[in-house]
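Step one of this worksheet: look at the structure below.
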Amino acid sequence: SLPNSTTSTGVLCPAEQFIIIEDVSRGNRAIKARVCLPPVEQSSPRPGLLVFTAGGGLTHEDYSWVCEELPRFGFAVALQVPPLELLAFAAEPLPPANETEPYPLPNTCEDWDVEDGDDEGQTLAEATALDQLYIAEHLVAYNTTTKSCFSGRVVLGGHSYGGGASLLAVSALSA
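For the sequence shown, the working numbering begins at 1125 and goes up steadily by one.
This is the structure in C-alpha cells:
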C-alpha cells in the first residue's frame, strides 16, 4: 500500500502511483504516467501540476528525481511514460541493455519523425505531445469536484525531446 497525502480540504490522495488512462478519442490509446504528490505538511491546499516528459533515449525512470524532489516544494508531478519508451520495450525479446544504448532508438533526426503505430499518420513527437496534453487534461478534470487533488495550475515540461513535445502540446491548444 502506498503512503497517502491529504490536502487541506481533507481529500486523501495517493502520494505516488502509476496511472493508465485511455484516450477514447484516439482509439482507447493507453497513456501511462507516474504521479507523485507533495507531503501534507508542505503542500498547498491543492498543488499545481508539472507534466514532465523524458528526453529521447531516456526513460521516465531516468527522471525519478523530478518525482522525488519537486513534491518536497509543494508541486505534484506526472512523469509521462512516452510512446518511444513503450515502443522500445514492446520488442520481444528485449535487447540486452548497455550503458551507451539501453534500448534501440532512432539514429538520426529524420528517424524521430516516424509514425507511431497507434495513431495513423502521427509522428512519435506528435503522439507524445498529445499524450502529455491528455495527462494534464485528465488530471486537472478532477478540479470540477471538491475532492480534487490538483489546483488546475499546470506546467508542461521536459528535457530535449520531451521539451519539444511540450511545445507541440501547447501549440495544439492554440490550434
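We put the beta carbon where it would ideally sit given N, CA and C, even for glycine.
Considering only DSSP beta bridges, list what residue i is partnered with.
| i | result |
| --- | --- |
| L1291 | Partner(s): none; L1291 has no beta bridge. |
| A1154 | E1146 |
| C1191 | Answer is none; C1191 lacks a bridge partner. |
| L1280 | V1175 |
| E1140 | C1160 |
| V1078 | Absent from the model: residue 1078. The displayed extent of the chain is 1125 to 1299, so no value can be given. |
For residue i, name the three-state secondary structure that DSSP assigns.
| i | result |
| --- | --- |
| A1178 | coil |
| G1198 | coil |
| Q1246 | coil |
| L1257 | helix |
| G1286 | helix |
| L1173 | strand |
| L1161 | coil |
| P1217 | With a pLDDT of only 43 at P1217, under the threshold of 50, the placement of this residue in the model should not be trusted, and no figure is reported. |
| T1252 | helix |
Suppose the cutoff is 7 Å on Cβ atoms and the five residues either side in sequence are ignored; what does the same chain contact list for residue i look like?
| i | result |
| --- | --- |
| V1190 | F1176, V1201, L1203 |
| V1205 | K1156, A1157, H1184 |
| F1199 | P1162, P1171, G1172, L1174 |
| A1253 | A1289, L1292, A1293, A1296 |
| Q1256 | V1175, T1177, Q1204, L1280, A1289, S1290, A1293 |
| D1186 | A1178 |
Is residue i buried or exposed, if buried means 16 or more other CB atoms sit within 10 Å of its CB?
| i | result |
| --- | --- |
| V1159 | buried |
| G1282 | buried |
| I1259 | buried |
| A1265 | exposed |
To which residues of the same chain is residue i closer than 6 Å at the C-beta, ignoring the five residues directly before and after it?
| i | result |
| --- | --- |
| E1209 | T1183 |
| I1144 | A1154, K1156 |
| A1215 | A caution first: A1215 carries a pLDDT of 49, below 50, which makes its placement in the model too unreliable to give a value. |
Less than 8 Å between C-beta atoms, sequence neighbours within five positions excluded: which residues of the same chain meet that for residue i?
| i | result |
| --- | --- |
| E1146 | N1152, R1153, A1154, I1155 |
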